[in-house]
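What follows is a single structure, written as structure tokens, with notes after it.
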Amino acid sequence: MQTTPDLSRRDFMKASATLGAATLASGTSRMFAAGSDKVRIGLIGCGGRGTHDATKCLNSSENVELVAMGDTFRDRLESCRRRLKEELGEKVKVTDDACFSGFDAYKNVLACDVDMVILTTTPHWRPMQLKAAIEAGKHVFMEKPVAVDPIGVRSVIESSELADKKGLTIVAGTQMRRISHLVEGIKSIHDGAIGELVGGQCVRLGGGMLDWGPKERQPDWSDMEWQIRRWLFITWLSGDFIVEMHVHNLDVMNWAFDAHPVQCIGMGGRQVRTGPEYGNCYDHFAVEYEYPNGVRVEYMGSQIDGVTNRNDQRFMGTKGRAYTDFGRVVIEGPNKAEYAWDSIDPCITQHADQIAAIREGKRLNEGKRIAESSLTAIMGRMSAYTGRALKWDWAMNASKLDLSPPKYEFGDLETRPVAIPGQTKLI
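The letter at position 359 of the sequence shown is residue 359 when you use my numbering, and the numbering goes up by one with no holes.
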């Protein structure tokens with residue numbers, strides 16, 4: 001297994017910049033003749049989501065092939081490679097020489113002859129890998145969330161601006177933005193079906209994730225390896241579940257309001273996932289978000305088994321109400337309507353949209369939008385962890401919170417303590 005010893009986040013970002021500088025002269029996207037040229041894909045992050053997204057991407061369009069892969073862990077890469085080859089056959093053309101492991105695997109993938117990369121490593125690495133990919137002239141599909149702290153959010157926005165200048169596409173894994181009934185329902189809200197929005201509610205409860213990942217630490221695993229393999233429950237890697245998973249729902253709120261919050265106050269804790277194997281993440285949150293014009297949105301979320309399961313959003317307007325979930329949108333009031341999901345897979349659609357944009361030379365950049373939705377979730381976590389209210393402008397422009405470990409190496413790394421509201425500092 002490759003490792004990169006004694007590498008800090010600053011070193012990582014410098015390495016990304018160096019990679020970009022080396023390819024800057026030729027770091028713009030190549031032209032695709034007649035809209036049918038083969039698009040060559042590199043996969044960075046070969047866990048469950050990476051396997052899923054690569055499958056959806058390769059099945060979304062003709063003349064798309066996977067030619068390079070990278071992951072921190074060789075065993076995870078090889079498992080992904082086998083599954084993709086079994087399912088997709090000749091669409092997977094990854095030779096042994098195009099398989100890379102270790103902390104610098106992403107740099108090796110970007111050095112390959114690829115047109116686009118899929119970024120599905122743990123969220124912590126998204127900002128630095130996006131930066132390197134855009135500087136290297138690659139189109140990017142990246143999973144949500146795209147950062148775990150405000151410093152990462154700012155980096156993503158900067159990279160997105162560079163992508164526009166270089167004519168590169170960025171698509172985010174916010175598939176709810178491509179679910180047909182939500183597209184129709186949110187358009188209806190924007191068109192005034194329920195009048196001016198005056199309030200909202202965002203609820204996602206259930207799904208304890210108790211069976212996720214390896215339960216026991218192997219004797220030869222360092223602290224760093226154990227944390228990365230249990231990344232879902234480690235805040236510096238996942239951002240906690242409000243960021244890692246519930247960013248989907250908060251993104252829908254931002255979409256409907258066509259805005260991001262201006263401030264928030266939250267609370268939360270952990271009552272079920274209390275063992276050391278669950279790292280330092282919470283299992284429940286509640287956040288009040290304030291949007292422009294004083295509009296309040298109440299978010300409530302948990303990852304606890306045995307509770308009533310819910311996953312929906314509600315909007316109150318001056319002329320009616322709207323209810324949305326994964327299956328339908330219901331408009332109540334004078335403009336009563338209902339929209340149902342058409343069963344078209346939005347995870348296929350998002351990749352097809354990007355491949356088409358690449359071939360047709362069309363602008364498609366969702367980077368800033370998903371960065372703002374990620375910060376919406378990050379703000380909620382920061383408020384809940386500290387017990388403090390905070391404003392968007394401060395979080396976006398002034399917060400110095402950086403969750404990075406001191407070094408990227410397989411060695412000792414103490415798990416940070418669980419946040420305690422009123423004691424944990426707001427940074």
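Heads up, the beta-carbon is just placed ideally off N, CA and C, and yes, glycines get one too.
In this text, all values refer to a predicted model and were calculated from it rather than measured experimentally.
**Report entry** Three CB pairs or more closer than 8 Å across the region 418-427 and the region 379-395
**Finding:** yes
Query raised in the report: Quick one: what does DSSP say residue 235 is sitting in, helix, strand or coil?
Result: helix
Report task. Name the residue from 303, 128, 231, 40 whose alpha carbon lies nearest to the alpha carbon of residue 428. Result -> Outside the shown range of the chain (1 to 427) lies residue 428, about which nothing can therefore be said.
Requested in this report: Would you kindly work out how many angstroms separate the C-alpha atoms of residue 74 and residue 85, rounded to a whole number?
Outcome: For residue 74 and residue 85, the distance between alpha carbons rounds to 16 Å.
Query - residue 55, buried or exposed, once every other Cβ within 10 Å from all chains shown has been counted against 16 - result: buried
**Report entry** 8 Å Cβ cutoff met for residue 368 and residue 277
**Finding:** no
Query raised in the report: What first and last residue would you give for the beta strand (DSSP E) that runs through residue 80?
Result: Taken as a continuous stretch (DSSP letters only), residue 80 belongs to no beta strand (DSSP E), being part of the alpha helix (DSSP H) at 74-88.
Query raised in the report: Is the distance from the Cβ of residue 242 to the Cβ of residue 285 below 8 Å?
Result: yes
Query raised in the report: Helix or strand or just coil, what does DSSP make of residue 257?
Result: It is helical.
Query raised in the report: Mind checking residue 122: buried by the 16 CB within 10 Å criterion, or exposed?
Result: buried
**Report entry** Which listed residue (182, 350, 100) has its alpha carbon closest to that of residue 313
**Finding:** 182
Requested in this report: With a 10 Å radius around its C-beta and 16 neighbouring C-beta atoms as the bar for buried, classify residue 322 as buried or exposed.
Outcome: buried
Query raised in the report: Would you say the region 192-205 touches the region 85-101, given that touching needs at least three Cβ pairs under 8 Å?
Result: Cβ pair count under 8 Å is below three, so no.
**Report entry** Segment contact, 8 Å Cβ cut-off, at least three pairs: the region 357-375 with the region 218-229
**Finding:** no
Query raised in the report: Can you list, in chain order, the residues of its chain whose CB lies under 6 Å from that of residue 335, leaving out five sequence neighbours each side?
Result: 193
Query raised in the report: So with Cβ pairs under 8 Å, would you call residue 168 a contact of chain D?
Result: The structure shown contains no chain D, having only a single protein chain.
**Report entry** Check whether residue 258 and residue 190 have beta carbons under 8 Å apart
**Finding:** Yes, Cβ-Cβ distance for residue 258 and residue 190 is below 8 Å.
Query - DSSP three-state assignment for residue 382, whether helix, strand or coil - result: helix
Report task. Please work out which residues of its chain come closer than 6 Å, Cβ to Cβ, to residue 251, disregarding the five sequence neighbours upstream and downstream, and give them in chain order. Result -> 174, 373
Report task. Answer yes if the region 279-298 comes into contact with the region 337-345, meaning at least three C-beta pairs across the two stretches below 8 Å, and no otherwise. Result -> The region 337-345 is not in contact with the region 279-298.
Query raised in the report: From what residue to what residue does the alpha helix (DSSP H) around residue 126 run?
Result: 126-135
Query raised in the report: In angstroms, rounded to a whole number, what distance separates the CA positions of residue 171 and residue 231?
Result: In a straight line, the C-alpha of residue 171 is about 23 Å away from that of residue 231.
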